[in-house]
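K.L.:
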Amino acid sequence: MTAPSTVRAPRERVRLSPLLRLLILTQLAFNIGFFAVLPFLAEHLGGAVGMAGWMVGFVLGLRTFSQQGLFVVGGALADRYGVRPVVLAGCVLRIAGFGWLGYAGSAPAVVGAVLLIGFAAALFSPAVESEVARQAVAWEESGGGSRTRVLALFTVAGQAGAFVGPLLGALLLSVDFRAVCLAGAGVFVLVLAGHAWLLPQHIPGRVRVQVRGGIGPLLRNRRFLGLCCAYGAYLLAYNQLYLALPAEVERAAGSQAPLAWLFALSSLLVVTAQLPVTRWVGERLTLRRSMAAGLALIAAGFGVVAVVAPSGATGVTGLLPAAGFVVLLTLGQMLVAPAARAWVPDLAQEGRLGLYMGALSSVSGVIVLIGSAGTGTLLDSGLPTAVPWVVLAVVPAGAVLLLPRRG
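The numbering of the sequence shown is our numbering, which starts it at 1 and goes up by one.
(1) What distance in whole Å lies between the Cβ atoms of residue 25 and residue 157, which are believed to be in contact at a cut-off of 8 Å?
(2) Measure the beta-carbon distance from residue 263 to residue 33 and round it to whole angstroms, keeping in mind my assumption that it falls under 8 Å.
(3) Would you tell me roughly how many angstroms separate the C-alpha atoms of residue 341 and residue 322, rounded to the nearest one?
(4) Sort 55, 131, 293 by Cα distance to residue 79 and report the nearest one.
(5) For residue 336 and residue 295, which I take to be in contact (beta-carbon distance under 8 Å), what is that distance rounded to the nearest angstrom?
(6) Where residue 151 and residue 251 are concerned, what is the direct C-alpha to C-alpha distance, given to the nearest angstrom?
(7) What number of angstroms, rounded off, separates the C-alpha of residue 346 from the C-alpha of residue 85?
(8) Which whole runs of the alpha helix (DSSP H) in the segment 134–221 are 4 residues long or more, in chain order?
(9) Can you give the Cα-Cα distance for residue 148 and residue 137, rounded to whole angstroms?
(10) Since I believe residue 330 is in contact with residue 270 (beta carbons under 8 Å), could you give me their beta-carbon distance rounded to a whole number of angstroms?
(11) Terminal residues of the continuous alpha helix (DSSP H) containing residue 248?
(12) So, with DSSP's three-state summary, where would you put residue 324?
(13) Buried or exposed for residue 384, please, with buried defined as at least 16 other CB atoms from any protein chain shown within 10 angstroms of its CB.
(14) Tell me whether residue 383 sits in a helix, a strand or coil according to DSSP, three-state version.
(15) Leaving aside the five residues before and after residue 67 along the sequence, list all residues of the same chain whose C-beta is less than 6 Å from its C-beta, in chain order.
(16) So what's residue 36 in DSSP terms, helix, strand or just coil?
(17) Report all residues from its chain with a CB closer than 7 Å to the CB of residue 300; omit the five preceding and five following residues, and keep chain order.
(18) State the DSSP-derived secondary structure class of residue 304, mapped to helix, strand or coil.
(19) Looking at the secondary structure, which residues open and close the alpha helix (DSSP H) in which residue 267 lies?
(20) Could you tell me the distance, in whole angstroms, from the CA atom of residue 367 to the CA atom of residue 225?
(21) Tell me the residue span of the alpha helix (DSSP H) that contains residue 15.
(22) Just to check my reading of the structure: residue 242 and residue 60 have Cβ atoms closer than 8 Å, yes? What is that Cβ distance to the nearest angstrom?
(23) Taking C-beta to C-beta, are residue 35 and residue 126 nearer than 8 Å?
Set out below in structure tokens:
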């Protein structure tokens, strides 16, 4: 059931259950701690640690794979043991991972820290996301409004954290990268304490199931796997905020100083426009058409840089293609992310929403791992500036063909 168009986001938010509000605020806190560190990781690896471009791309992809790629494990554990223990364990591992990264001075130590950081999110994120999706469906069925609006609020909270996080990181980077990592760990200490106090031991309506017996039907679900692959193409494109975009900003500005502002621009767009966009799209487009339009916008963002950047402009003018890419990528994200999460409950096996939400990210993680190493190689290959961006534009454009039909 779709809520009347006259309903405004603030009123919807008041009607959300206390558990939904806690989970949405959880996403805000997660992203503040995470994005205080991640935007500055590539420069740290290439500069202070001295890694080659392909290795930087591989490590970033490994971080995504150890996170997204293992979401299926965290989702299955959440289905089996409940949300609370999985979230708390993930927070402990994230604290340890950020602390380790702050003191890691060699490639093996960095890889170990990055794997720990990723696996931590593989525990807490699918637990939180699957419960938000389950609560959103219940909210829709009770007449509260479209489930995509709840998931849009979840996205807005995450992007608000992604807006604050880089600003916090940029401020602490004037000290050193270690201070940034320790601040990120400190945020998760607060998250751990808050959830140990507030998160219920048992959530009404959530039935625990055995871990075994879910993978077979999932692997035979061709419509769901098509959605996973299309979402993976989106995630690979989004990951270029941390790989291709820093390289383009460095070319245009001679440093990565403007990078924090471009991240802030992306987050500010989501925070201010996600709910109106979701409301407008929800009244006009199906979930499939919403994802297709979003992927097309993302492809157009890569195309802007491919067309304009080869002119060699620098300074403020030279940063315009990067800004255009960020805007179009963000608009595409607004359409793709809530629609994909809203679609999963319709395709998931009963009682295994955590597993399916986890698998959505796990397949994406494999795609990002392979694609990020390839992108790093392309960016270091000495090919004309446009070539990597053209290749990257083809990925989301082609992914439209992978989206399942509603039927």
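We put the beta carbon where it would ideally sit given N, CA and C, even for glycine.
P.N.:
With the given structure in hand:
(1) 7 Å
(2) No, residue 263 and residue 33 are not in contact; Cβ-Cβ is about 15 Å, not under 8 Å.
(3) 28 Å
(4) 131
(5) 6 Å
(6) 37 Å
(7) 27 Å
(8) 147–173, 177–198, 215–219
(9) 9 Å
(10) 6 Å
(11) 244–253
(12) helix
(13) exposed
(14) coil
(15) 118, 121, 122
(16) coil
(17) 328
(18) helix
(19) 259–282
(20) 13 Å
(21) 9–15
(22) 6 Å
(23) no
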